[in-house]
Structures are given as C-alpha cells and as structure tokens.
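Below: the structure, in structure tokens.
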Amino acid sequence: AQKVTQAQTEISVVEKEDVTLDCVYETRDTTYYLFWYKQPPSGELVFLIRRNSFDEQNEISGRYSWNFQKSTSSFNFTITASQVVDSAVYFCALSEKPYGQNFVFGPGTRLSVLP
Amino acid sequence: SQTIHQWPATLVQPVGSPLSLECTVEGTSNPNLYWYRQAAGRGLQLLFYSIGIDQISSEVPQNLSASRPQDRQFILSSKKLLLSDSGFYLCAWSGVDSNYGYTFGSGTRLTVV
Chain W
27 AQKVTQAQTE
37 ISVVEKEDVT
47 LDCVYETRDT
57 TYYLFWYKQP
67 PSGELVFLIR
77 RNSFDEQNEI
87 SGRYSWNFQK
97 STSSFNFTIT
107 ASQVVDSAVY
117 FCALSEKPYG
127 QNFVFGPGTR
137 LSVLP
Chain H
522 SQTIHQWPAT
532 LVQPVGSPLS
542 LECTVEGTSN
552 PNLYWYRQAA
562 GRGLQLLFYS
572 IGIDQISSEV
582 PQNLSASRPQ
592 DRQFILSSKK
602 LLLSDSGFYL
612 CAWSGVDSNY
622 GYTFGSGTRL
632 TVV
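Taken in order, these protein sequences are the chains called W and H.
Just so you know, we're using the numbering used here here: the first sequence kicks off at 27 and counts up by one.
Just so you know, we're using the numbering used here here: the second sequence kicks off at 522 and counts up by one.
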C-alpha cells in the first residue's frame, strides 16, 4: 500500500532562515509521481511541484528547492531565506498516475515564519 | 484553460438541516472529480471520487453522499447534517489535461451549529 509520512507536524522559523520539510513515502510501484502542495490560510491548495520516479534531479525554483532521493524514499522540500508569506500547511503527496488519480496525501506540515 | 469553481465559500447550517455543495469544472472533458474534507488542524480525507457521470466511489462511510449529474458537475449532499460534518470541503479534478495532478477548488468552510 502507498503511504506518505511527514514527520514534522509543525515548524517555526524566523524570517530569512532556511527550512526543510521532510517527506518519506512508501510504494511498491516502480513508476510513481510525487507532489508538493501549499495550503495558505485562505485554504485553497496550491500546486508546487510534480516529480516522476525516473527523474532524480533536484529542482530549484526561486527560493524553493526539492531533493528527491529514491534510495531513502524521500522527497524533501527546502525554502531558502524564508518569508512570512511562506507560512502555510505543506502537503506531500504520492500517486501512481501522472495526473494524480488515487492520490495519497501526507498529514501535512504547518510552517510558521515569524517576522 | 481549465478552471474549477466551488461554492459557497462559507456556510453555517443547523444540525439536521440538508446540505448541497456544488463544484463545476470548465475547459476539460471527462475529468476525474473528488471531494475531500479537512477537519480543523487535520489532513485531507478523501470522501468521494468519480471517474464519470453517475460513477461515484465512496471512500468512507458517512452521513454524506455525492452525485455527478453532468460530466463536469460534482455535488456533495447530506439529508441531515451532524455536528461532526463541520470542516473544510475541497473539490478537485484531475485528468489528461491536468499536467500537475490535482487542481483544487477554493473550498467551502462548513460550520454545523
């Protein structure tokens, strides 16, 4: 069965600090897709990234970066120089389909960035 | 481009009253549609998903039901609300036009009093 674990329930950092959100997944599929979503206080889930299991290259998008390591079944998310607007709940998710059927969500990590 | 609309944004309903939340998707055909619930401070719980008109799968037994009367319309209903039905309800779609997995609606915050 597929499972996503986000061991950090809540994290608090001071603005401009770097922060890493952990995501560990379990699947028996050889082909799968990993996602990160952001849920700001307004509630809507915002897509951040999708990564397929064949692409282990790390990705950087501005202050955001993702480290995908198949050997440890992890897909960690790092925010560099955090800002107050980064405060949100972040969800990691796993799917065996490219367009997200049968998503398995992690429990989420609540990030608070303090000014 | 594809868009998803969900309404109402907030709702306060008394216990025992009926419920109807609506979700529509535009700009795509035959989407997979989903209803999720998020209790306060909790993760996302899949309630229903649909792969086609009148094809509904329920993930958890509950006081709620879902219907898909049209290809791009997904409705969440209840005949009699319970206090435990309070939460944040999110509709989502996915499909071949969805390059990035799920696209979520803006959510409905339901408070049962």
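Note that the Cβ used here is the ideal one computed from N, Cα and C, for glycine as well.
So does the segment 532-546 of chain H actually touch the segment 558-575 of chain H, counting three or more Cβ pairs closer than 8 Å? Judged by Cβ distances under 8 Å, the segment 532-546 of chain H makes no contact with the segment 558-575 of chain H, as fewer than three pairs qualify.
What are the residues that DSSP puts in a beta bridge with residue 64 of chain W? Residue 64 of chain W is bridged to W:72, W:116.
Identify the contact partners of residue 41 of chain W in chain H, using a Cβ-Cβ distance below 8 Å as the criterion. Result: empty, since nearest Cβ-Cβ is about 24 Å, beyond 8 Å.
Integer Cβ distance of residue 54 of chain W from residue 622 of chain H, believed to fall under 8 Å: Contact doesn't hold; Cβ gap of about 20 Å is too wide.
If we cut at 8 Å on Cβ distances, does residue 94 of chain W have a partner in chain H? No, because no Cβ of chain H sits closer than 8 Å to the Cβ of residue 94 of chain W.
Residue 104 of chain W and residue 31 of chain W look like a contact to me (Cβ under 8 Å); what is the Cβ gap, rounded to whole Å? Taking the Cβ atoms as the reference, residue 104 of chain W lies roughly 18 Å from residue 31 of chain W, outside the contact range of under 8 Å.
Pull out every residue of the segment 65-83 of chain W whose Cβ sits closer than 7 Å to any Cβ of chain H, in chain order. Correct list: 69, 70, 71, 73, 76.
Any beta carbon of chain W sitting closer than 8 Å to that of residue 565 of chain H? Answer yes: the Cβ-Cβ gap between residue 565 of chain H and chain W drops below 8 Å somewhere.
For residue 554 of chain H, decide whether its Cβ has a neighbour in chain W, counting only Cβ atoms nearer than 8 Å. For residue 554 of chain H, the nearest beta carbon of chain W is not closer than 8 Å to its own beta carbon.
Considering only C-alpha positions, which residue in the set H:561, H:576, H:560, H:609 is nearest to residue 589 of chain H? Checked all of H:561, H:576, H:560, H:609; the closest Cα to residue 589 of chain H is H:576.
Have a look at H:614, H:534, H:628 and flag the residue whose alpha-carbon is nearest the alpha-carbon of residue 547 of chain H. Of the candidates H:614, H:534, H:628, the one whose C-alpha sits nearest the C-alpha of residue 547 of chain H is H:614.
Judging by CA-CA distance, which residue of W:131, W:101, W:136, W:92 is the nearest neighbour of residue 27 of chain W? When each option's Cα is compared against that of residue 27 of chain W, the closest is W:131.
Does the beta carbon of residue 608 of chain H come closer than 8 Å to any beta carbon on chain W? No, no contact with chain W.
Assign residue 551 of chain H to one of two classes, buried (16 or more other C-beta atoms within 10 Å of its C-beta) or exposed (fewer than that). Label assigned to residue 551 of chain H: exposed.
Is there a C-beta anywhere in chain W that falls below 8 Å from the one on residue 625 of chain H? Under the Cβ distance rule, residue 625 of chain H counts among the residues neighbouring chain W, one pair being separated by less than 8 Å.
Near residue 594 of chain H, which residues of its chain fall below 6 Å by C-beta distance, leaving aside the five closest residues on each side in sequence? Cβ within range, chain order: 545.
Straight-line gap, residue 609 of chain H to residue 136 of chain W (C-alpha atoms, nearest Å): The alpha-carbon atoms of residue 609 of chain H and residue 136 of chain W are separated by roughly 16 Å.
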